[in-house]
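Residue numbers (the numbering used here): 1 to 546.
We treat Cβ as the ideally placed atom computed from N, Cα and C, and that holds for glycine.
Here the structure comes first, spelled out in structure tokens, and everything after it is commentary.
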């Protein structure tokens, strides 16, 4: 009962609805004509003809239907009911849910600025949709509007999500015949702009979808460009971008092995949703960890980029705010499609910066560490004692690198807990004369699911791996087993360039050469590389982490 009364006392902020103002917006009125001419297939037809007038009315009717279909409808009742239910769901599904108190203070400080907050979480689970809403509600902060795929607009659950602040976006915005759906794009863009002007917070996933591999996906900048447009057009004075990292010992969504094997994604339905929820409560998912990164100002980010050369065209600087404004044309959706090259570069750079921040701050869970070791160091299996020793070394390495850990306690207990959570389908445990023998299940599709959890450590070690791989390649060609500093830098830079669409190696404001040099110094301090004089480094043959 105390939890019930606590839920009733949660203050639900009033949310301004913008339905009418969107349809009356001048830009939407202009798009009606463009959409009508597109449907007619003849741009020379006079607007006074009955056929054109009829098409114009159809576009107005369609715009209203589009807006009704995608808009959110905040409900105080649904918000309070969800807060009450979820407070029990967390206890049922997870042994603990961790959020640092200082991160709450960051949010409260950001909220006190009265600027729009744009929450940008990495996307791992469908639970991500409600976590930030739940946190903000419990600390009396305004719930965000959450961009969700139209596949989630199913009976009952779609209405529930809509009441929690979800607005639904088509995954494929354009028509089947390849023609640009200018009306849908304009309605979506204008709806978001008016919601920003009304003071709403937003949440969306830069990756566009849940990661299927366990490592962060490359960002999609479409929605982010809308907020940049709003700033450039002075619709908003500024906005605070809030990177968020959420990680789980085990995700509640099951696994993505069928999609990784090339099978098409199965669309969510009411029946599959109910079945999934029923199965959900028959399992336990360990711990959940939420990390709120330092919010940063959109205007300050733009100013920083204006003072730095573009990463794509290093010979030209990003232009001033006035020049950066997206051309207000129906073809560009007023920003959801970026047509100005400098604008596109800026959106992409900000998006990659956010993904980099999120991946660096994502807590390493016990299941991530155990999976990583079993697949990369002990693929043929290992005694529990040796696994514990390697786990200790990995743990020390992560702590020394200022990485956040989502577990604590003696390593052997952490390992046993992780093995139990992952289950016998992913990790086999047998008893031998020497003691317990732990081995990864390396048959398909099980190994794909295990690699999902191990891949969470890839962002932490990818640059080190690239440097060592570059060194090995050069060392094989060297008669002295020594590699020049210059050759190592050039080869590493080339390999980073090849892998730039798989991994994000630096923030935009960092220089790749400086980061490579810093990482080489780190490898030298770990005695993985040795420096000979000032020009050469040599590699010590060893098994990392063992």
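Between residue 215 and residue 458, the CB-CB gap stays under 7 Å. Assigned with DSSP and collapsed to three states, residue 277 falls in helix. In the displayed model, residue 502 falls within coil according to three-state DSSP, outside both helix and strand.
Annotated three-state conformation of residue 49 is coil, per DSSP.
Around the beta carbon of residue 533, fewer than 16 other beta carbons lie within 10 angstroms, which makes this residue exposed. Residue ranges of uninterrupted alpha helix (DSSP H) with 4 or more members, entirely inside the stretch 242–291 and ordered along the chain, are 257–260, 270–280.
Scanning 23, 424, 285 for the CA closest to the CA of residue 254 turns up 285. Going by beta carbons, residue 194 and residue 21 fall inside the 7 Å limit. Between residue 358 and residue 245, the CB-CB gap stays under 7 Å.
DSSP, reduced to helix, strand and coil, places residue 531 within a strand of the structure shown.
Membership of residue 121 in any alpha helix (DSSP H) is not indicated; the residue belongs instead to the beta strand (DSSP E) covering 117–121. Selection 105, 34, 204, 62 evaluated against residue 130 yields 204 as nearest (Cα-Cα). Within a 10 Å sphere around the beta-carbon of residue 100 sit fewer than 16 other beta-carbons, which makes this residue exposed. Membership of residue 143 in any beta strand (DSSP E) is not indicated, and neither H nor E is assigned to it by DSSP. A contact between stretches requires three or more CB pairs, one per stretch, nearer than 8 Å, and the stretch 432–441 meets this requirement with the stretch 373–391.
For residue 361, the enclosing alpha helix (DSSP H) starts and ends at 341–361. Taking C-alpha positions only, residue 363 is separated from residue 27 by approximately 44 Å.
Unbroken alpha helix (DSSP H) runs of no fewer than 4 residues, entirely contained in the stretch 74–109, are found at 76–93, following chain order. In the DSSP assignment, the residues bridged to residue 430 are 437.
In the DSSP assignment, residue 203 forms a beta bridge with 119, 146. Using a C-beta cut-off of 8 Å, the stretch 439–449 makes no contact with the stretch 390–402, since fewer than three inter-stretch Cβ pairs fall below that distance. In the three-state scheme derived from DSSP, where H, G and I count as helix and E and B as strand, residue 383 is classed as strand. In this structure, the beta-carbon distance from residue 482 to residue 538 falls below 7 Å. Counting C-beta pairs closer than 8 Å gives three or more between the stretch 235–249 and the stretch 115–127, which meets the contact rule. Judged by DSSP secondary structure, residue 378 falls outside any beta strand (DSSP E); it is assigned neither H nor E. Nearest neighbour of residue 138 by Cα position, chosen from 85, 221, 237, turns out to be 85. Straight through space, the alpha carbons of residue 291 and residue 96 are spaced by roughly 14 Å. Listed as beta-bridge partners of residue 227 by DSSP are no residues whatsoever.
By the criterion of a C-beta distance shorter than 7 Å, residue 491 is surrounded in its chain by 470, 473, 474, once the five residues flanking it on both sides are discounted.
A distance below 7 Å separates the beta carbons of residue 460 and residue 403. When the alpha-carbon of residue 392 is set against those of 413, 109, 380, 375, the nearest one is in 413.
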